[in-house]
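Visitor: The structure follows.
Numbering (the numbering used here), first residue to last: 17 to 646.
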């Protein structure tokens, strides 16, 4: 009982330390990088409802991955906090802190099973240090400080629960079934949060060999072995079902494509990329510097480049060495095999380009923490080595905590994040994409000078992007640089003649310049592409009214009102009636002019548009005076 209380106290302290180190993430904002399409600009996101729950579990097209339990968690957060970023960051931080505690329990369990360690102080301290190395590592910052990466935190939480339950089931003499099926259920919950652990079956097989001794030389086909294989069947079934759903979703989600062909991405390139990923997540934890959400090494590479040849040689050499030394270092071999298995879904074998990201290390990084705990436990036997090792690990944990706090700061908002990424990319061609993202961030804040700077750089680097020319057009329009804006709009149309809403935006700009007839042509062209575009309908109605085409204007306005169920913005309705009144006045039809002006005035007074109401009031006086003349 004393050991249990001590372990619990150490785990709680570790959890609190993790929360403290990453606490500044609570002040972070959303960032315009996946937070938008998943959270604040996601039309399906909102507070919990039966309709929304149905969408979560049945939609296979909005995103390329099937993640109903993560959608559910976000919906619960929205119910409590709406779109306040605090609630989303708090959920990430709580999950990561809980995961630190679970990693502590897992490492302690592994040390007891693999290293023969008992439930003593050494085991507790070594497990706590190992879990601390994992939890406080700078590679964890991305999943904690980036709101949308709750996907990874939640998937890992259920995965750790599954593995702990599996260990409990395999080490109990009685009442194993409940723990076993809890492990299966938690694994399913992990994959339904995010398909992070599709290689989990390999981890379980490794555990059966190195921890539970159910498989191994001479024990591959006996009764115990077949029992072990049967126990993996539910895990295999869950893996296949979820993998199949995700494969279907990826093939049918808009903006995503199926697996790349061998002509686009050769077999040799796939193999060398796999070796690079396996090697990258083996050495990167030991050199966690210059971290960035964007690593472009796998966008443009040759299989014969030295980093890839060296990676392949390193992976093969480590594998051979550990196989040869398997009797002396069995745990090291087991952890290496888990490292390889967990990374299989993240090798990018079916996609190109692929990006090695910090978040991909969140599960596989545990392998290295277990190894650190095991090394510390081996050093514990001699007092001098023990104190030296504890001193080194204390300094290491402090350094990792400081590095993580500094790394967390770059996630405070979109401007800081993207400026940091841009700086770290240097002259890499991918900087065009970051310039574009950063330009849109500044434009959304109406800092058009900064937006122009980055959007201009983006279109200069990638003049073939129609959407980028469109974004630049809008920024230039807002700055009053209308001629240059129109030039970029025309370039966007040349690149993509079906670009949504562009013709409507061009029409608005022309209308502001007084080119009403030309503007009406663009509104009509937009409606040919999208007949239900109610904004273009309303704009066309206003342009037709200003041109004196009263009947056409009324027809367009009626269609716009019907398309929006009467929800056209009041200023736009008022301006329409004002223009209709002016058109009637030019014809000398004063009664009709009065009626139209009165309709506009009524809307202005009802909706509090007092400036427009004053203008219409003066128009009414003029129309009455003209109507009273003989």
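For each residue, glycine too, the CB sits at the ideal point set by N, CA and C.
A quick note: this is a predicted structure, and the numbers were derived from the prediction, not measured.
Using 10 angstroms around the beta-carbon of residue 79, count the other beta-carbons present and answer buried if the total reaches 16, otherwise exposed.
Guide: In the chain shown, counting from the first residue as 1, residue 79 sits at position 63. Buried, by the Cβ-count rule.
Visitor: Closest by CA to residue 336, which one among 352, 326 and 478?
Guide: On the chain shown, position 320 is the one that residue 336 refers to. When only C-alpha atoms are compared, the closest one is 352.
Visitor: Just the Cα atoms here: how many angstroms apart are residue 213 and residue 431?
Guide: Along the chain shown, one-based indexing puts residue 213 at 197. Along the chain shown, one-based indexing puts residue 431 at 415. Each residue's Cα considered, the two are about 33 Å apart.
Visitor: Quick one: what's got a C-beta closer than 6 Å to residue 27's C-beta in the same chain, skipping five residues either side?
Guide: Along the chain shown, one-based indexing puts residue 27 at 11. Taken in chain order, the residues that qualify are 117 and 120.
Visitor: For the segment 250 to 261 and the segment 370 to 388, state whether three or more C-beta atom pairs, one from each stretch, are separated by less than 8 Å.
Guide: No, the segment 250 to 261 is not in contact with the segment 370 to 388.
Visitor: Starting from residue 452 and walking both ways along the alpha helix (DSSP H), at which residues does that stretch end?
Guide: Taking the chain shown and counting its residues from 1, one reaches residue 452 at position 436. First-last of the alpha helix (DSSP H) with residue 452: 447 to 460.
Visitor: Output needed for residue 215: all residues of its chain with C-beta closer than 8 Å, excluding positions within five of it in sequence on either side, in chain order.
Guide: One-based indexing of the chain shown puts residue 215 at position 199. Cβ neighbours of residue 215 beyond the five flanking positions: 357, 358, 359, 360 and 361.
Visitor: Would residue 155 pass as a contact of residue 304 if the rule is Cβ separation under 7 Å?
Guide: As a working mapping, residue 155 is identified with position 139 in the chain shown. As a working mapping, residue 304 is identified with position 288 in the chain shown. Contact flag set, yes.
Visitor: Looking only at C-alpha atoms, which of 311, 588, 529 and 36 sits nearest to residue 625?
Guide: In the chain shown, residue 625 corresponds to position 609, counting from 1. It is 588.
Visitor: Do residue 597 and residue 607 have their beta-carbon atoms positioned less than 7 Å apart in this structure?
Guide: Numbered from 1 along the chain shown, position 591 holds the residue referred to as residue 607. Numbered from 1 along the chain shown, position 581 holds the residue referred to as residue 597. Not closer than 7 Å, so no.
Visitor: Quick check: what's the CA-CA separation for residue 593 versus residue 528?
Guide: By 1-based counting over the chain shown, the position of residue 593 is 577. By 1-based counting over the chain shown, the position of residue 528 is 512. Rounded to whole angstroms, residue 593 to residue 528 spans 18 Å at the Cα level.
Visitor: Figure out for me which residue from 365, 599, 547 and 590 has the closest Cα to the Cα of residue 566.
Guide: Within the chain shown, numbered from 1, the residue matching residue 566 stands at position 550. Ranking the options by Cα distance to residue 566, first place goes to 599.
Visitor: Quick one: residues in its chain with C-beta nearer than 8 Å to the C-beta of residue 631, no 5 flanking neighbours on either side, listed in chain order?
Guide: Residue mapping note: residue 631 aligns to position 615 of the chain shown, counting from 1. Hits under 8 Å: 594.
Visitor: Output needed for residue 458: all residues of its chain with C-beta closer than 6 Å, excluding positions within five of it in sequence on either side, in chain order.
Guide: As a first step, residue 458 must be located in the chain shown, where it is residue number 442. So the qualifying residues of the chain are 466 and 467.
Visitor: Under three-state DSSP, which class holds residue 709?
Guide: Outside the displayed range of the chain (17 to 646) lies residue 709, so it cannot be described from this structure.
Visitor: Tell me the rounded alpha-carbon separation between residue 542 and residue 308.
Guide: Within the chain shown, the letter at position 526 stands for residue 542. Within the chain shown, the letter at position 292 stands for residue 308. The straight-line gap from Cα to Cα measures roughly 41 Å.
Visitor: Give the C-beta separation of residue 591 and residue 558 to the nearest angstrom, bearing in mind that I take them to be a contact with Cβ-Cβ under 8 Å.
Guide: Here residue 591 refers to the residue found at position 575 when the chain shown is read from its first residue. Here residue 558 refers to the residue found at position 542 when the chain shown is read from its first residue. The Cβ separation is near 6 Å, so the contact holds.
Visitor: State the DSSP-derived secondary structure class of residue 560, mapped to helix, strand or coil.
Guide: The count along the chain shown starts at 1 and reaches residue 560 at position 544. Correct three-state label for residue 560: helix.
Visitor: From residue 190 to residue 248, what distance separates their C-alpha atoms?
Guide: Position 174 of the chain shown, counted from the first residue, corresponds to residue 190. Position 232 of the chain shown, counted from the first residue, corresponds to residue 248. So the two alpha carbons sit approximately 19 Å from each other.
Visitor: Quick check on the DSSP output: the alpha helix (DSSP H) that includes residue 292 runs from which residue to which?
Guide: As a position in the chain shown, residue 292 is number 276, starting the count at 1. Residue 292 -> alpha helix (DSSP H) spans 283 to 299.
Visitor: Decide if residue 89 is buried, meaning its Cβ has at least 16 other Cβ atoms within 10 Å, or exposed.
Guide: Position 73 of the chain shown holds residue 89. Classification for residue 89: buried.
Visitor: Can the beta-carbon of residue 526 be found closer than 7 Å to that of residue 482?
Guide: Residue 526 sits at position 510 when you count from the first residue of the chain shown. Residue 482 sits at position 466 when you count from the first residue of the chain shown. No, they are not a contact pair.
Visitor: Roughly how many angstroms separate the alpha carbons of residue 205 and residue 380, rounded to a whole number?
Guide: If you number the chain shown from 1, residue 205 lands on position 189. If you number the chain shown from 1, residue 380 lands on position 364. Roughly 19 Å between the two C-alpha positions.
Visitor: Do residue 532 and residue 502 have their C-beta atoms within less than 7 Å of each other?
Guide: Taking the chain shown and counting its residues from 1, one reaches residue 532 at position 516. Taking the chain shown and counting its residues from 1, one reaches residue 502 at position 486. No.
Visitor: Roughly how many whole angstroms lie between the Cα atoms of residue 638 and residue 621?
Guide: Here residue 638 corresponds to residue number 622 of the chain shown, with the count starting at 1. Here residue 621 corresponds to residue number 605 of the chain shown, with the count starting at 1. Taking the straight line from one Cα to the other gives about 19 Å.
Visitor: Are residue 44 and residue 428 touching if we call contact CB-CB under 7 Å?
Guide: Translated into the one-based positions of the chain shown, residue 44 becomes position 28. Translated into the one-based positions of the chain shown, residue 428 becomes position 412. Yes, Cβ-Cβ distance for residue 44 and residue 428 is below 7 Å.
Visitor: In whole angstroms, give me the CA-to-CA distance for residue 506 and residue 160.
Guide: To locate residue 506, count along the chain shown from 1; it is residue 490. To locate residue 160, count along the chain shown from 1; it is residue 144. Rounded to whole angstroms, residue 506 to residue 160 spans 43 Å at the Cα level.
Visitor: Sorted by chain position, which residues of the same chain lie with C-beta nearer than 6 Å to residue 493's C-beta, five sequence neighbours on each side aside?
Guide: On the chain shown, residue 493 is found 477 positions in, with the first residue counted as 1. Closer than 6 Å at Cβ, skipping near neighbours: 501 and 525.
Visitor: Quick check: the Cα distance between residue 642 and residue 581, rounded to an integer number of angstroms?
Guide: Against the chain shown, residue 642 aligns to sequence position 626. Against the chain shown, residue 581 aligns to sequence position 565. The alpha-carbon atoms of residue 642 and residue 581 are separated by roughly 36 Å.
Visitor: Closest to residue 669 by C-alpha separation, out of 391, 544 and 211, would be which residue?
Guide: In the structure displayed, the chain extends from 17 to 646; residue 669 sits before or after that span and is not available.
Visitor: Can you tell me whether residue 479 is buried or exposed? The criterion is at least 16 other CB atoms within 10 Å of its CB, across all chains shown.
Guide: Sequence index remark: in the chain shown, residue 479 carries index 463 (1-based). Answer is exposed; the Cβ neighbour count stays below 16.
Visitor: Write down the C-beta distance between residue 474 and residue 448 rounded to the nearest angstrom, noting that I regard them as a contact closer than 8 Å.
Guide: Walking along the chain shown from the start, residue 474 turns up at place 458. Walking along the chain shown from the start, residue 448 turns up at place 432. That belief holds up - the Cβ atoms of residue 474 and residue 448 are roughly 5 Å apart, short of 8 Å.
Visitor: Using CA atoms only, rank isn't needed, just tell me which of 415, 485, 129 and 222 is closest to residue 510.
Guide: The count along the chain shown starts at 1 and reaches residue 510 at position 494. Nearest C-alpha to residue 510: 485.
Visitor: For residue 101, which residues in the same chain have their Cβ closer than 7 Å to its Cβ, ignoring the five residues on either side in sequence?
Guide: As a working mapping, residue 101 is identified with position 85 in the chain shown. Here the set comprises 44, 45, 46 and 163.
Visitor: Grouping DSSP H, G and I as helix and E and B as strand, with all else coil, what is residue 315?
Guide: Start at 1 with the first residue of the chain shown, and residue 315 comes out as number 299. Here residue 315 sits in coil by DSSP.
Visitor: Just how far apart, CA to CA, sit residue 517 and residue 488?
Guide: In the chain shown, the residue the question calls residue 517 occupies position 501. In the chain shown, the residue the question calls residue 488 occupies position 472. About 14 Å.
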